[in-house]
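Note that the protein sequences, when read in sequence, are chains A and B. Going by the numbering used here, the first residue of the first sequence is number 184, and it counts up by one from there. Going by the numbering used here, the first residue of the second sequence is number 36, and it counts up by one from there.
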Amino acid sequence: MLETRDILETINMIDNENLDVRTITMGISLLDCMDEDVDKASVKVYDKVCRYAQDLVKTGEDIEKEYGIPIINKRISVSPIGMIAAPCQSKNVVKFAKSLDKAAGELGVNFIGGYSALVQKGFSSGDYAVIDSIPEALDITERICSSVNIGSTKAGLNMDAVKMMGKVIKQTAERTADRDCIGAAKLVVFCNAPEDNPFMAGAFHGTGEADCVINVGVSGPGVVRAALAKNGKDKSIDEIADLIKRTAFKITRMGQLVAKEASRRLCVPFGIVDLSLAPTPAVGDSVAYILEEMGLETCGCHGTTAALALLNDAVKKGGVMASSHVGGLSGAFIPVSEDAGMIAAAKKGALDITKLESMTAVCSVGLDMIVVPGDISEEKISAIIADEAAIGMVNSKTTAVRLIPAIGKNAGDELSFGGLLGTGPVMPVRDGDPSEFINRCGRLPAPLQSLKN
Amino acid sequence: MNAIISVVGKDSVGILSKVSCACADSGVNIVEVNQSVLRDMFAMLMLVELNKDDVAIDELREKLAKVEKETNTKIHVMHEDIFNSMHRI
């Protein structure tokens with residue numbers, strides 16, 4: 184029989200340390216739903232999503248009950264709508280968003296991702312239409328998540344798209360200002376976007392993927408923090424890294440088990456396990472607290488980037504061995520409004536946007552869920568995107584920007600999104616006007632891949 | 036499928052009996068029991084066999100939830116595979 188200690192450890196992880204499977208995400212290709220007529224195409228999209236995902240929520244709930252593991256979200260990602268909208272003669276592509284939102288509502292999933300455009304090198308007509316319609320789509324729907332990939336290490340940065348996204352983010356926040364600007368919380372701008380990411384808001388179903396696939400995102404910052412609190416005292420950095428690896432291994436094994444089981448029951452191929460530490464606003468389930476447990480007085484002080492680099496690397500090393508296929512974003516997330524420790528650090532001024540930017544150079548995502556003053560200019564948002572994308576482009580990693588301009592609010596105020604999206608204090612941005620640089624437009628050339636210094 | 040029932044809490048009369056009765060009522064076969072009382076803390080692990088056609092895990096959970104209240108303990112029912120995958124390579 185299994186050892187008592189091991190069994191109690193697992194139960195304790197679930198009961199007291201917020202261990203859960205964060206999401207089972209079904210990726211569905213919509214490439215066969217293209218049509219010149221936008222109405223026909225959106226009906227095809229609705230039908231296909233409903234047909235493929237009809238058992239997704241029930242299967243997730245069954246596994247949750249049978250195995251006794253909390254599975255928090257069941258979600259869907261679809262092919263980038265920018266691509267599906269390309270042949271449509273009418274550019275009223277917001278119809279796709281309505282269809283997807285309706286399907287998601289009927290299926291009982293809380294988010295559906297893929298209202299996206301991949302424009303790292305340039306735009307197709309569908310991409311233009313989708314980007315243009317993002318503010319409206321996120322305003323009139325509840326469950327749609329949108330993402331735009333504006334750069335990659337191979338293609339460089341599409342500065343036209345960078346400029347556009349500054350405007351789109353501001354408009355989205357303005358249109359949803361009465362709901363704490365929630366629209367902007369469902370919009371991510373990527374550099375090097377992964378095609379198999381199960382986490383929202385950046386999930387979409389890449390073109391190289393199978394027709395339908397199951398990806399699973401695990402979580403467990405609380406478990407890592409508790410392991411460090413229990414066993415990490417007076418340990419050297421090497422020993423801390425080992426401890427994190429062992430914990431990440433266990434968390435990921437659970438994700439792998441759920442992913443395999445979901446894939447078997449739904450008769451859909453298993454894609455990947457995304458072994459990310461995704462915090463929630465629940466106390467204790469915080470990446471910032473892990474960093475503080477390592478010995479930092481507060482997240483954001485000098486040493487934070489090094490501690491985060493150690494955490495991110497150890498999570499990957501531990502997780503990779505536990506799963507047959509690892510993908511997505513895999514690493515540590517640092518979404519400010521979703522992490523109790525980050526919120527506290529930001530409120531007391533220990534964590535600012537520049538420190539967060541340097542942290543993103545070593546972790547798995549980017550400037551995530553950061554609330555900025557509502558009077559920020561579109562160009563400044565674009566410039567923040569450009570900075571962050573440049574880090575991703577040069578370092579061959581994914582970076583993302585999810586900024587929420589708090590319309591009508593300033594530093595010291597806060598926005599409350601509720602649920603997993605949390606509460607974010609408005610964080611000041613740097614002075615100085617980058618407008619001339621942003622308004623130049625064009626393409627920022629791809630970086631050299633040798634002579635690396 | 037095999038499941039692990041864990042019972043942890045303050046020791047009192049009849050915990051084992053009540054848990055086993057709930058199992059028997061649900062048609063669940065107890066394969067192995069491991070129990071210890073440290074000071075007055077009671078910890079018991081049971082490996083049980085659930086025949087999926089006869090018994091729903093929901094039903095067993097409901098019955099055990101009642102026992103949990105009666106005995107003031109914490110009871111979990113989880114699939115054995117979770118522990119195997121997390122703690123065995």
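No residue lacks a Cβ here, since even glycine has one placed at the ideal position from N, Cα and C. Only a predicted model underlies this, so the values are computations on that prediction, with no experimental measurement involved.
Neighbourhood of Tyr250 of chain A in chain B, by CB distance below 8 Å: Met113, His114, Asp116, Ile117, in chain order. Beta-bridge pairing by DSSP links Gln354 of chain A to no other residue.
Per DSSP, the unbroken alpha helix (DSSP H) holding Thr487 of chain A starts and ends at 487–503. Ile246 of chain A and Ala410 of chain A have their C-alpha atoms some 27 Å from each other. Residue state for Glu378 of chain A is assigned as coil, using DSSP reduced to three classes. For Arg188 of chain A, the enclosing alpha helix (DSSP H) starts and ends at 187–199. Of all residues in the region 60–91 of chain B, the ones placed with a Cβ closer than 8 Å to any Cβ belonging to chain A are Glu67, Asn69, Ser71, Ala78, Leu80, Leu82, in chain order. Contact residues of the region 326–354 of chain A toward chain B are absent (C-beta to C-beta distance below 7 Å). Counting only residues of its own chain and dropping the five nearest sequence neighbours on each side, Gln70 of chain B has a CB closer than 6 Å to the CB of Met79. Under the three-state reduction of DSSP, Thr481 of chain A is assigned to coil, being neither helix nor strand. Per the coordinates, the alpha-carbon of Thr193 of chain A lies some 7 Å from the alpha-carbon of Phe118 of chain B. The three-state reading of DSSP puts Asp75 of chain B in coil, since its state is none of H, G, I, E or B. Residue pairing of Cys395 of chain A in beta bridges, as defined by DSSP: A:Ile211. Given a length threshold of 4 residues, each whole run of the alpha helix (DSSP H) inside the region 414–484 of chain A is given here in chain order: 420–449, 470–476. Under the Cβ criterion (8 Å, minimum of three pairs), the region 589–597 of chain A does not count as touching the region 368–379 of chain A. When secondary structure is reduced to three states using DSSP, Ser55 of chain B falls in the helix class. Taking 8 Å as the threshold, the shortest C-beta distance from Asp93 of chain B to chain A falls below it.
Within chain A, Ile190, Leu191, Ile194 have C-beta atoms less than 8 Å from the C-beta of Ser41 of chain B, given in sequence order. Close CB contacts of Ala544 of chain A within its chain, under the 7 Å cut and outside five residues either way in sequence, are with Ile574, Asn578 (chain order).
Residue-level contact check: Ser55 of chain B does not touch chain A, since none of the beta carbons of chain A fall below 8 Å from its beta carbon. For Lys433 of chain A, the nearest beta carbon of chain B is closer than 8 Å to its own beta carbon. Residues of chain A whose Cβ lies closer than 8 Å to the Cβ of Ser120 of chain B are, in chain order, Arg436, Met437, Gln439, Leu440.
With respect to chain B, the C-beta atom of Thr187 of chain A has a partner C-beta closer than 8 Å. Taking a C-beta distance under 8 Å as the contact criterion, Arg205 of chain A and Val371 of chain A do not qualify as a contact pair.
In this structure, Met542 of chain A lies away from Ile397 of chain A, with their beta-carbon atoms at least 8 Å apart.
In this structure Ile295 of chain A is in contact with Arg258 of chain A, their Cβ atoms being roughly 7 Å apart against a cut-off of 8 Å. Here Leu460 of chain A has Ser402, Gly403, Pro404, Val407, Val470, Val498, Ala515, Phe516 as same chain residues with Cβ atoms under 7 Å from its own Cβ, once five neighbours each way along the sequence are excluded. In the DSSP assignment, Gln303 of chain A is bridged to no other residue.
It is roughly 5 Å from the alpha-carbon of Val548 of chain A to the alpha-carbon of Thr582 of chain A. As computed with DSSP, Arg258 of chain A is found in a beta bridge with A:Thr208. When secondary structure is reduced to three states using DSSP, Ala38 of chain B falls in the strand class.
In summary, Ala59 of chain B is exposed, with fewer than 16 beta-carbon neighbours lying within 10 Å of its beta-carbon over all protein chains present.
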